[in-house]
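First residue of the sequence shown? That's 482 in our numbering, and the numbers climb one at a time after it. Written below as structure tokens is the structure these notes are about.
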Amino acid sequence: FTVYQGGEKKAGKGAEKNGGPKRPLAEVVLLGAKPRDKEHKAAAERASVVATEVNVARDLINTPPNDLTPEAFAAVASATAKEHGIKVQVLDEKALTKGGYGGIMGVGKGSENPPRLVKIAYTHPDAEKHLAFVGKGITYDSGGISLKPAGHNETMKCDMSGAAAVFASVVAVAKLGLPVNVTGWLALAENMPSGSATKPGDVLRMYSGKTVEVLNTDAEGRLVLGDALTKASEENPDAIVDVATLTGAMVLALGDRTFGIMANDDAFRTSIHEIAEEVGEASWPMPLPEDLRKTMDSPTADIANMGVRMGGGLVAGLFLQEFVGEGITWAHLDIAGPAFHEGAPYGYTPKGGTGSAVRTLVRLAERTATGDLG
482 FTVYQGGEKK AGKGAEKNGG PKRPLAEVVL LGAKPRDKEH KAAAERASVV
532 ATEVNVARDL INTPPNDLTP EAFAAVASAT AKEHGIKVQV LDEKALTKGG
582 YGGIMGVGKG SENPPRLVKI AYTHPDAEKH LAFVGKGITY DSGGISLKPA
632 GHNETMKCDM SGAAAVFASV VAVAKLGLPV NVTGWLALAE NMPSGSATKP
682 GDVLRMYSGK TVEVLNTDAE GRLVLGDALT KASEENPDAI VDVATLTGAM
732 VLALGDRTFG IMANDDAFRT SIHEIAEEVG EASWPMPLPE DLRKTMDSPT
782 ADIANMGVRM GGGLVAGLFL QEFVGEGITW AHLDIAGPAF HEGAPYGYTP
832 KGGTGSAVRT LVRLAERTAT GDLG
């Protein structure tokens with residue numbers, strides 16, 4: 482399986498008629514001067530690695546959903562990770578069912594393409610810190626039984642952008658050889674309606690043991706992330722960052738070029754915001770108001786997957802916080818706005834998948850490795 486690159490499936494005047502996609506840039510020459518030529522070379526090599534992985538994330542996001550199923554995504558991640566000495570573990574639907582991953586299985590059981598949970602673990606012998614990155618990987622989101630209307634589902638192949646960002650960032654960290662341990666968790670599922678799909682009103686038992694009343698099957702990302710966050714917490718990392726195209730509410734709040742940052746630690750949230758600004762990714766810190774938590778109270782379960790509509794992005798963050806291990810520093814990046822760009826390209830942002838959050842995650846790993854994280 483090869484990920485999609487723009488133009489590959491066009492006919493007529495498209496890439497196939499002209500012998501494939503446009504030829505990539507062959508060479509770039511950067512002018513520097515001694516005595517800093519080694520620094521310049523190192524900076525250029527780092528930039529090349531990060532840019533390459535941003536483009537990998539973009540290509541994954543742009544891949545048609547009939548090609549990039551959960552199984553196919555898991556295969557790509559496994560093959561690439563092994564090339565770079567990254568340990569891989571894939572849980573298929575049988576293992577997920579046996580292990581009690583009710584959130585991931587609940588989202589994926591309506592599709593003929595079963596879900597996967599992929600763990601990719603990069604370790605370094607000199608590492609003193611351990612980061613966990615968790616990515617939402619809904620390879621296509623129809624909304625499930627709570628079906629999305631026409632006009633809102635054409636680009637839903639991009640609902641795996643968080644998992645793409647996590648995958649690409651872990652590979653970049655491995656290529657750079659950073660002295661920090663980074664584990665990526667890709668929660669992969671396809672959200673489809675069928676006779677076997679989860680229904681509004683169903684109650685799911687999550688991997689944590691908590692029960693969730695599903696009020697809306699289109700609030701599915703938080704369900705797969707909940708299981709993955711609990712699993713990631715078992716390894717007691719120094720910090721967990723999840724990345725997800727989670728809510729339309731965040732787009733309404735911040736627009737389509739800025740992602741929101743929520744966290745259970747104000748200093749960590751501030752650090753991620755500063756890092757994002759440093760690498761040129763627009764972001765904004767958002768609160769987690771405790772008064773909104775009670776709007777997810779359920780008469781039949783420990784929590785519902787929906788709360789009040791106003792502040793919906795914050796409600797989603799509060800839901801995720803329920804599944805983070807006690808005492809573990811955690812942040813949530815809602816990249817629903819900048820993950821997929823439907824307008825004309827601007828700056829270095831292309832049309833289609835953008836690779837949002839890859840640069841931020843890599844820089845976070847670098848600062849963690851050097852101990853330069855406030």
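We put the beta carbon where it would ideally sit given N, CA and C, even for glycine.
With a cutoff of 8 Å on beta-carbon distance, L612 and A644 are scored as not near each other. Shown here for S642: same chain residues with a beta carbon closer than 7 Å to its own, the five before and five after excluded, namely I542, T726, I816, A820, F821, G834, S837 in chain order. Taking 8 Å as the cut-off, the Cβ atoms of V537 and A649 count as close.
With contacts defined by Cβ atoms closer than 8 Å, T841 and E762 form a contacting pair. Taking 8 Å as the cut-off, the Cβ atoms of D719 and Y582 do not count as close. G513 sits exposed, since fewer than 16 C-beta atoms from the chains shown fall within 10 Å of its C-beta. Take Q570, set aside five residues on each side of it, and the residues of its chain with a beta-carbon closer than 7 Å to its own are K600, in chain order. L572 sits close to G580, with the two beta carbons spaced by under 8 Å. Restricted to the stretch 709 to 792, the alpha helix (DSSP H) segments that are unbroken, complete and at least 4 residues in length are 729 to 735, 747 to 759, listed in chain order. When secondary structure is reduced to three states using DSSP, F804 falls in the coil class, being assigned neither helix nor strand. Of the residues assessed, D640 falls on the buried side of the cut-off, its CB having 16 or more other CB atoms within 10 angstroms. Excluding five sequence positions before and after P826, the CB atoms of its chain that fall closer than 7 Å to its own CB belong to K832, given in chain order. Residue range 583 to 589 is occupied by the alpha helix (DSSP H) that includes G587. Taking 8 Å as the cut-off, the beta carbon of V531 is found no closer than this to the beta carbon of A655. Around the beta carbon of P596, 16 or more other beta carbons sit within 10 angstroms, so the residue counts as buried. By a beta-carbon distance limit of 8 Å, N697 does not contact P674. Their separation comes to about 13 Å. A850 sits away from P606, with the two beta carbons spaced by 8 Å or more. Within the stretch 644 to 697, complete beta strand (DSSP E) segments of at least 3 residues are found at 662 to 672, 684 to 686, 692 to 694, given in chain order.
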